[in-house]
Amino acid sequence: MTDDSSRRNPKPNKSLGRRIIISVITLLVILAATIGLMGYRYFQDALKPLNPQNTNVTQVHIPLGASNKQIGSILQNKKIVKSGMVFDYYVKSNNMANFRAGYYQLKPSMSLKTIAKRLQRGGTDQPIQSTKGKVLIREGANIDQIATQISVTTDFDRGDFLKLMKNQTYLEQLASRYPKLLNPAMKAKNVRYRLEGYLYPATYEVEKNTSLKSLVNQMVAKTNQMVSPHFAAIKKSGMNMQQFMTLSSLIEREGVNQTDRRKMAGVLLNRIDINMPLQSDVAVLYAIHRNNKVLTNKDLQSDSPYNLYKYTGFGPGPFDSPSISSMSAVLHPLDRSKNYLYFVANTKTKKVYYSKTYAEHQQQIAAHTSDNN
Numbered sequence: 121m122t123d124d125s126s127r128r129n130p131k132p133n134k135s136l137g138r139r140i141i142i143s144v145i146t147l148l149v150i151l152a153a154t155i156g157l158m159g160y161r162y163f164q165d166a167l168k169p170l171n172p173q174n175t176n177v178t179q180v181h182i183p184l185g186a187s188n189k190q191i192g193s194i195l196q197n198k199k200i201v202k203s204g205m206v207f208d209y210y211v212k213s214n215n216m217a218n219f220r221a222g223y224y225q226l227k228p229s230m231s232l233k234t235i236a237k238r239l240q241r242g243g244t245d246q247p248i249q250s251t252k253g254k255v256l257i258r259e260g261a262n263i264d265q266i267a268t269q270i271s272v273t274t275d276f277d278r279g280d281f282l283k284l285m286k287n288q289t290y291l292e293q294l295a296s297r298y299p300k301l302l303n304p305a306m307k308a309k310n311v312r313y314r315l316e317g318y319l320y321p322a323t324y325e326v327e328k329n330t331s332l333k334s335l336v337n338q339m340v341a342k343t344n345q346m347v348s349p350h351f352a353a354i355k356k357s358g359m360n361m362q363q364f365m366t367l368s369s370l371i372e373r374e375g376v377n378q379t380d381r382r383k384m385a386g387v388l389l390n391r392i393d394i395n396m397p398l399q400s401d402v403a404v405l406y407a408i409h410r411n412n413k414v415l416t417n418k419d420l421q422s423d424s425p426y427n428l429y430k431y432t433g434f435g436p437g438p439f440d441s442p443s444i445s446s447m448s449a450v451l452h453p454l455d456r457s458k459n460y461l462y463f464v465a466n467t468k469t470k471k472v473y474y475s476k477t478y479a480e481h482q483q484q485i486a487a488h489t490s491d492n493n
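Counting from 121, one number per residue, gives the positions in the sequence shown under the numbering used here.
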């Protein structure tokens, strides 16, 4: 007897099921590969400048304490980078950290590496006001800050400007043109930039045919114009030009009003007379290549000739570009006969307190600066 049940109830087609499973797996693999490829391409694309042709400058503020992830989000929102997440990954994978708070002038044409390095270098404490066709150099700006400002408001490159500041042939040409102004700077030892302090704070026109050298020439010429009427008075003071400009640059950053500038100048000159260190925070900040920082004991011990806590005298040279007001204060100090050697300011009220002795100075600090922070 033949069993026909196998014909009436055929077994499931296992080969068909396997084909379906293989097809599904293949589709999933293709889908995963496609997504992975798209993700890889997106990541690689996000590593490149957002728009190499877009050189328009955008001011970006990085707040104090911002994390890499937060910085990435800020840059993405400002349309400087394609992906804040990729920026975060990039800086972590390249061990790039210590980004500084401040205002930055950034462009969509910049690479992630360029942006990250600029954030490490530091921005400005205040927003930069760009003026088309002009360069505004602020009172108290140092050469590194001036380099940044020039690169923001002109087509000149920051690196090219700093190279010019080290160009010995160019510096000698300037010194031959303005010997009374620049000869002491050319002879000074251990200076960072020989033109530090000699690029006068003002607004300078930048025409289409203006070269980088001609722009710097304008700045030095302006300094010579402002200082030359006082050459005789500077010589009479017993200081050479480099020393005079150094004190003026310290006063520029320390004083708020002219009376205090003149009193502070008296304090610094009194210290110089007795070979006492000037102990200026402005000098230490310059020594450690920072513009704004709460100084630590380690900072105060930094081994730099610009550290006027550690070394006596004037140091190598100026710390920034002083205004004529600060120069005038050094030439016309107040209250030298009172023998003040110390001063401290209440940062909220801006009032400055002067003392003859260290004990009095400590009392002034306790009495008047408890609300500084």
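Heads up, the beta-carbon is just placed ideally off N, CA and C, and yes, glycines get one too.
Legend entry - Contacting residues, own chain, Cβ-Cβ under 6 Å from Ala-385 (five flanking each side not counted): As a first step, residue 385 must be located in the sequence shown, where it is residue number 265. Answer for Ala-385: Ile-371, Ala-449, Val-450 and Pro-453, listed in chain order.
Inset, instruction - Could you check which residue in Ile-263, Gln-196 and Thr-268 has the C-alpha nearest to that of Gln-225? - result: One-based indexing of the sequence shown puts residue 225 at position 105. The candidate whose alpha carbon is nearest that of Gln-225 is Thr-268.
Inset, instruction - Please confirm whether Gly-222 and Gly-243 have their CB atoms less than 7 Å apart. - result: Taking the sequence shown and counting its residues from 1, the one referred to as residue 222 is at position 102. Taking the sequence shown and counting its residues from 1, the one referred to as residue 243 is at position 123. Yes, the pair counts as a contact, with Cβ atoms nearer than the cut-off.
Legend entry - Distance, Leu-184 Cα to Leu-232 Cα: Stepping through the sequence shown from its first residue, residue 232 is reached at position 112. Stepping through the sequence shown from its first residue, residue 184 is reached at position 64. Near 21 Å, if we compare the C-alpha coordinates of Leu-184 and Leu-232.
Legend entry - Alpha carbon of Leu-301 to alpha carbon of Val-206, nearest angstrom: One-based indexing of the sequence shown puts residue 301 at position 181. One-based indexing of the sequence shown puts residue 206 at position 86. Their backbone Cα atoms lie some 51 Å apart in a straight line.
Inset, instruction - Please confirm if the stretch 361-375 is in contact with the stretch 401-415, defined as three or more CB-CB distances below 8 Å between the two stretches. - result: yes
Legend entry - Of the listed residues Pro-169, Asp-423, Lys-198 and Tyr-473, nearest to Thr-178 (C-alpha basis): Mapped onto the sequence shown, residue 178 falls at position 58. Closest by alpha carbon: Lys-198.
Legend entry - Alpha-carbon to alpha-carbon, Arg-241 and Gln-482: Position 362 of the sequence shown holds residue 482. Position 121 of the sequence shown holds residue 241. If I take the Cα positions, the gap works out to 35 Å.
Legend entry - Of the listed residues Lys-413, Met-230 and Pro-425, nearest to Leu-398 (C-alpha basis): Taking the first residue of the sequence shown as 1, we reach residue 398 at position 278. Nearest option by C-alpha distance: Pro-425.
Inset, instruction - Would you please state the rounded distance, in angstroms, between the beta carbons of Lys-254 and Thr-323? I believe it to be under 8 Å. - result: For the purposes of this step, residue 254 is taken as the residue at position 134 of the sequence shown. For the purposes of this step, residue 323 is taken as the residue at position 203 of the sequence shown. About 5 Å separates the two Cβ atoms, so the contact holds.
Legend entry - Beta-carbon gap between Ile-266 and Leu-319 smaller than 7 Å: Within the sequence shown, residue 266 is the residue found at index 146, counting from 1. Within the sequence shown, residue 319 is the residue found at index 199, counting from 1. The answer is yes: Cβ separation under 7 Å.
Inset, instruction - Please list, in chain order, all residues of the same chain as Ile-485 whose beta carbon is under 7 Å from its beta carbon, the five residues on each side excluded. - result: Position 365 of the sequence shown holds residue 485. The residues are Val-464.
Inset, instruction - Measure the alpha-carbon distance for Ser-457 versus Ser-475 and round it to whole angstroms. - result: Within the sequence shown, the letter at position 337 stands for residue 457. Within the sequence shown, the letter at position 355 stands for residue 475. Distance between the alpha carbons of Ser-457 and Ser-475 is about 13 Å.
Inset, instruction - Go through its chain and collect everything with a Cβ distance to Tyr-431's Cβ below 8 Å, but skip five positions before and after it. - result: To locate residue 431, count along the sequence shown from 1; it is residue 311. Only Pro-397 and Pro-425 meet the Cβ criterion.
Inset, instruction - Assign Ser-441 to one of three DSSP states: helix, strand, or coil. - result: The sequence position of residue 441 within the sequence shown is 321, counting from 1. If DSSP states are grouped into helix, strand and coil, Ser-441 belongs with coil.
Legend entry - Environment of Arg-297 [buried if 16+ CB atoms lie within 10 Å]: On the sequence shown, position 177 is the one that residue 297 refers to. It counts as exposed.
Legend entry - beta strand (DSSP E) segment containing Leu-256, residue limits: Within the sequence shown, the letter at position 136 stands for residue 256. Start and end: 254-256.
Legend entry - Residue from Ser-400, Tyr-209, Lys-227 and Tyr-462 whose Cα sits closest to the Cα of Phe-439: Start at 1 with the first residue of the sequence shown, and residue 439 comes out as number 319. Ranking Ser-400, Tyr-209, Lys-227 and Tyr-462 by Cα distance to Phe-439 puts Ser-400 first.
Legend entry - N-terminal and C-terminal residue of the beta strand (DSSP E) that Tyr-223 is part of: As a working mapping, residue 223 is identified with position 103 in the sequence shown. First-last of the beta strand (DSSP E) with Tyr-223: 222-226.
Inset, instruction - Note down, in chain order, each residue of its chain lying with its Cβ closer than 8 Å to the Cβ of Leu-335, except the 5 sequence neighbours on either side. - result: Counting from 1 along the sequence shown, the entry for residue 335 is found at position 215. Hits under 8 Å: Val-255, Ile-270, Thr-274, Phe-276, Tyr-324 and Val-326.
Legend entry - CA nearest to the CA of Ala-308, picked from Gly-435, Ile-140, Met-447 and Leu-147: In the sequence shown, residue 308 corresponds to position 188, counting from 1. Out of Gly-435, Ile-140, Met-447 and Leu-147, Gly-435 has the C-alpha closest to the C-alpha of Ala-308.
Legend entry - Inside the stretch 447-486 only - beta strand (DSSP E) runs reaching at least 3 residues: 462-465 and 472-475
Legend entry - For Gln-178, the first and last residue of its enclosing beta strand (DSSP E): Working through the sequence shown from its first residue, we reach residue 178 at position 58. The sequence given here has Thr at residue 178, not Gln. 178-182 is the extent of the beta strand (DSSP E) around Thr-178.
Inset, instruction - Can you say whether Leu-148 is buried or exposed, counting buried as having 16 or more other CB atoms within 10 angstroms of its CB? - result: Here the question's residue 148 lines up with position 28 in the sequence shown. Flag for Leu-148 reads exposed.
Legend entry - Glu-325, enclosing beta strand (DSSP E) - first and last residue: Residue mapping note: residue 325 aligns to position 205 of the sequence shown, counting from 1. That run of the beta strand (DSSP E) goes 323-325.
Inset, instruction - Taking all protein chains shown into account, decide if Gly-279 is buried (16 or more other Cβ within 10 angstroms of its Cβ) or exposed. - result: The sequence position of residue 279 within the sequence shown is 159, counting from 1. By the 10 Å Cβ count, Gly-279 comes out exposed.
Legend entry - Delimiting residues of the alpha helix (DSSP H) encompassing Ile-408: Counted from its first residue, the sequence shown places residue 408 at position 288. Segment: none, Ile-408 is in no alpha helix (DSSP H) and carries neither H nor E.
Inset, instruction - Could you tell me if Ser-144 is buried or exposed, where buried requires 16 or more neighbouring beta carbons within 10 angstroms of its beta carbon? - result: Along the sequence shown, one-based indexing puts residue 144 at 24. Checking the displayed sequence, the identity of residue 144 turns out to be Val instead of Ser. By the 10 Å Cβ count, Val-144 comes out exposed.
Inset, instruction - Within its chain, find whatever has a CB closer than 7 Å to the CB of Thr-122; leave out the 5 residues flanking it on each side and keep chain order. - result: Counting from one through the sequence shown, the residue named residue 122 turns up at place 2. Below a pLDDT of 50, predicted positions are generally treated as unreliable, and Thr-122, at 49, falls in that range; no measurement from the model is reported.
Inset, instruction - Can you tell me which of the three DSSP states Thr-234 falls into? - result: Counted from its first residue, the sequence shown places residue 234 at position 114. Helix.
Inset, instruction - With DSSP as the reference, please indicate the residues paired to Thr-146 in a beta bridge. - result: Counting from 1 along the sequence shown, the entry for residue 146 is found at position 26. Thr-146 pairs with nothing; no bridge assigned.
Inset, instruction - May I ask you to report which of helix, strand or coil DSSP gives Asn-493? - result: Within the sequence shown, the letter at position 373 stands for residue 493. Note that Asn-493 scores a pLDDT of 49, beneath 50, so its modelled location is shaky; the value from the coordinates is reported in the next line. Note: Asn-493 maps to coil in three-state DSSP.
Legend entry - Whether Val-402 touches Arg-373 by CB criterion (7 Å): On the sequence shown, position 282 is the one that residue 402 refers to. On the sequence shown, position 253 is the one that residue 373 refers to. In this structure, Arg-373 lies closer than 7 Å to Val-402 by Cβ.
Inset, instruction - Measure the C-alpha to C-alpha separation of Leu-315 and Gly-433 and round it to an integer number of angstroms. - result: Residue mapping note: residue 315 aligns to position 195 of the sequence shown, counting from 1. Residue mapping note: residue 433 aligns to position 313 of the sequence shown, counting from 1. Near 20 Å, if we compare the C-alpha coordinates of Gly-433 and Leu-315.
Inset, instruction - Mark Leu-136 as exposed unless 16 or more other C-beta atoms lie within 10 angstroms of its C-beta, in which case mark it buried. - result: Here residue 136 is taken as the residue at index 16 of the sequence shown, counted from 1. Counting Cβ neighbours within 10 Å, Leu-136 comes out exposed, since fewer than 16 surround it.
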